[in-house]
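Numbering (the numbering used here), first residue to last: 8 to 206.
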């Protein structure tokens with residue numbers, strides 16, 4: 008739970024609405040998926056690598072499928088409903104060393120509390136509580152993947168050593184990866200670009 012002072016800052020933060028685009032299977036990580044979120048007002052997308060359990064929970068919420076036995080996120084929703092706790096919004100507020108951080112803004116009896124949570128759990132709960140998902144411009148700048156129009160890229164780029172490529176080449180490769188909906192590769196290329204830019 009966070010302090011009141013930070014909560015005031017949190018409320019005034021310029022929040023950007025995200026929507027869940029879907030899930031794609033990870034090509035290089037076993038039993039991993041890429042959860043893709045998008046800024047409604049731009050072409051920027053946030054690919055977040057998550058585990059298979061979280062992916063299953065999010066997929067079931069997207070499909071509005073009800074399991075005969077509640078999953079962990081369903082249990083949380085039932086518990087919260089029973090005690091009149093509502094999640095008003097979810098905010099993916101930081102991106103550090105390839106990891107997304109998020110917070111749940113909860114309300115009970117007119118009082119608001121903010122709790123830290125994993126991004127995958129936050130999205131799974133947001134879908135169940137039907138609340139908005141937000142981020143900020145800093146996260147989009149650091150982790151967002153832009154869809155481009157340049158398609159003049161080598162088809163065999165996935166086998167190349169990224170460290171030998173220039174930033175411009177990596178950006179072209181990242182754009183093509185997004186166009187092909189290979190969000191995991193786009194995420195890896197994004198991190199490599201950030202690393203080169205900080206050198």
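Yeah, the Cβ is synthetic: ideal placement off N, Cα and C, and Gly gets one too.
Residue(s) in a DSSP beta bridge with residue i
i	result
residue 93	114
residue 169	Answer is none; residue 169 lacks a bridge partner.
residue 108	101, 125
residue 26	45
residue 136	Answer by DSSP bridge pairing: none, since residue 136 is not bridged.
residue 153	51
residue 141	24, 98
Cβ neighbour criterion (16 or more within 10 Å) applied to residue i
i	result
residue 26	exposed
residue 118	exposed
residue 157	Confidence is the limiting factor: at residue 157 the pLDDT is only 40, short of 50, which leaves the residue's position unreliable, though a coordinate-based value still follows. Classification for residue 157: exposed.
residue 113	buried
residue 107	buried
residue 141	buried
residue 32	exposed
residue 123	exposed
residue 48	exposed
CB contact flag (residue i, residue j, <8 Å)
i	j	result
residue 78	residue 64	yes
residue 146	residue 52	no
residue 61	residue 128	yes
residue 28	residue 44	yes
residue 66	residue 99	no
residue 68	residue 135	yes
residue 244	residue 138	This structure cannot settle anything about residue 244, because the visible part of the chain is limited to 8 through 206.
Proximity winner among the options, relative to residue i (alpha-carbon distances)
i	options	result
residue 150	101, 94, 112, 133	101
residue 193	90, 105, 99	105
residue 56	203, 205, 204, 195	195
residue 39	172, 135, 191	191
residue 85	124, 139, 184, 132	132
residue 174	148, 144, 205	205
residue 143	75, 185, 110	110
residue 46	103, 121, 148	148
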